[in-house]
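Peer 1:
Residue numbers (my numbering): 4 to 286.
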């Protein structure tokens, strides 16, 4: 009796990941799940200098600002709940002292540019098509920082807008690194604050936008993290207690699929050795 449908994921023939690869991850919290796995197995990887970024526009803005060497100043900050924030970044970079925030932001921008320039693989995980614009500036933000909702307008990016944004991201990357492989994936994390139907519309737009983009690009790929959860796992036992985020079992399952697809065979033996050492250190 067959109790599970399995995705057929073609093994990557070129540009495989090994221990000489330099991997840079950007995007939603799921990118950090995979980034933590890469770190555990001692791959050369860095993730999210600007913190978690949920939608394509926020990622495009970060990459553009980093490459153009933007310098954040006080006028770029907002104050809320006794802390200074940038609407371009996650609250991890916020602080009570605006000077600390500016140091955090500008240091992270330099780090982002450095990572983009030297990466062999850039993994971008998209979480949602829903975006918020700050009414005072009419600019799309990366994070609302618990500022009252009345100060923002909300919209769903169209497939065309997402594809245009992803093409822009790839074009920006190529200005500083023409050889990097860019791997897109869709986060399986459910954004139910937007609503059940709205979440599905959002994911559908992301998937369609990514595929419309990579069909016209070189060195751009798709890994089906979202589809693995939806079509192979398909059970709430693979989610955490909030029923929104995938749990450790699901993350490990996706990780194994990712390694089978993208990692070279020679590196798998090294991974096993590192895992043995890591388990020994944890006891």
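Quick reminder that beta carbons are idealized off the backbone N, C-alpha and C, glycines included.
How far does the beta strand (DSSP E) with residue 223 in it extend, from its first residue to its last?
Peer 2: For the purposes of this step, residue 223 is taken as residue 220 along the chain shown, with counting starting at 1. Unbroken beta strand (DSSP E) run through residue 223: 223-226.
Peer 1: Per DSSP, residue 142 is paired with what?
Peer 2: Residue mapping note: residue 142 aligns to position 139 of the chain shown, counting from 1. 137, per the DSSP bridge assignment.
Peer 1: Short check: CB of residue 33 to CB of residue 184, under 8 Å?
Peer 2: Position 30 of the chain shown holds residue 33. Position 181 of the chain shown holds residue 184. No, these two residues do not count as a Cβ contact at 8 Å.
Peer 1: For residue 283, list the residues DSSP reports as bridge partners.
Peer 2: Position 280 of the chain shown, counting from 1, holds the residue named residue 283. In the DSSP output, where bridge partners are listed per residue, residue 283 has none listed.
Peer 1: Is the beta carbon of residue 180 sitting closer than 8 Å to the one on residue 119?
Peer 2: Taking the chain shown and counting its residues from 1, one reaches residue 180 at position 177. Taking the chain shown and counting its residues from 1, one reaches residue 119 at position 116. Result yes, Cβ atoms of residue 180 and residue 119 sit closer than 8 Å.
Peer 1: Where do the ends of the alpha helix (DSSP H) carrying residue 158 lie?
Peer 2: Position 155 of the chain shown, counted from the start, is the residue given in the question as residue 158. Premise fails: residue 158 lies in the beta strand (DSSP E), 155-159, not in any alpha helix (DSSP H).
Peer 1: Counting C-beta neighbours from all protein chains within 10 Å, is the total for residue 11 16 or more, i.e. buried, or is it exposed?
Peer 2: Position 8 of the chain shown, counted from the first residue, corresponds to residue 11. It is exposed - the Cβ of residue 11 has fewer than 16 other Cβ atoms within 10 Å.
Peer 1: Would the beta-carbon of residue 108 fall within 8 Å of that of residue 136?
Peer 2: Within the chain shown, numbered from 1, the residue matching residue 108 stands at position 105. Within the chain shown, numbered from 1, the residue matching residue 136 stands at position 133. Cβ distance not < 8 Å, so residue 108 and residue 136 don't count as in contact.
Peer 1: If residue 150 and residue 83 are in contact, beta carbons under 8 Å, what's the gap, nearest whole angstrom?
Peer 2: Walking along the chain shown from the start, residue 150 turns up at place 147. Walking along the chain shown from the start, residue 83 turns up at place 80. About 5 Å; that satisfies the 8 Å criterion.
Peer 1: Look up residue 273 in the DSSP assignment and say whether it is helix, strand or coil.
Peer 2: The residue labelled residue 273 in the question sits at position 270 within the chain shown. If DSSP states are grouped into helix, strand and coil, residue 273 belongs with the helices.
Peer 1: Which one of 177, 164, 81, 78 has the shortest CA to CA distance from residue 131?
Peer 2: By 1-based counting over the chain shown, the position of residue 131 is 128. Residue 131 has its Cα closest to that of 164, out of 177, 164, 81, 78.
Peer 1: What are the residues that DSSP puts in a beta bridge with residue 124?
Peer 2: Position 121 of the chain shown, counted from the first residue, corresponds to residue 124. 26, 184.
Peer 1: Roughly how many whole angstroms lie between the Cα atoms of residue 220 and residue 160?
Peer 2: Start at 1 with the first residue of the chain shown, and residue 220 comes out as number 217. Start at 1 with the first residue of the chain shown, and residue 160 comes out as number 157. So the two alpha carbons sit approximately 21 Å from each other.
Peer 1: On the premise that residue 229 lies in contact with residue 206, defined as a C-beta separation below 8 Å, what is that separation, rounded to the nearest angstrom?
Peer 2: Looking up residue 206 in the chain shown gives position 203. Looking up residue 229 in the chain shown gives position 226. Sure, about 6 Å apart at Cβ, within 8 Å.
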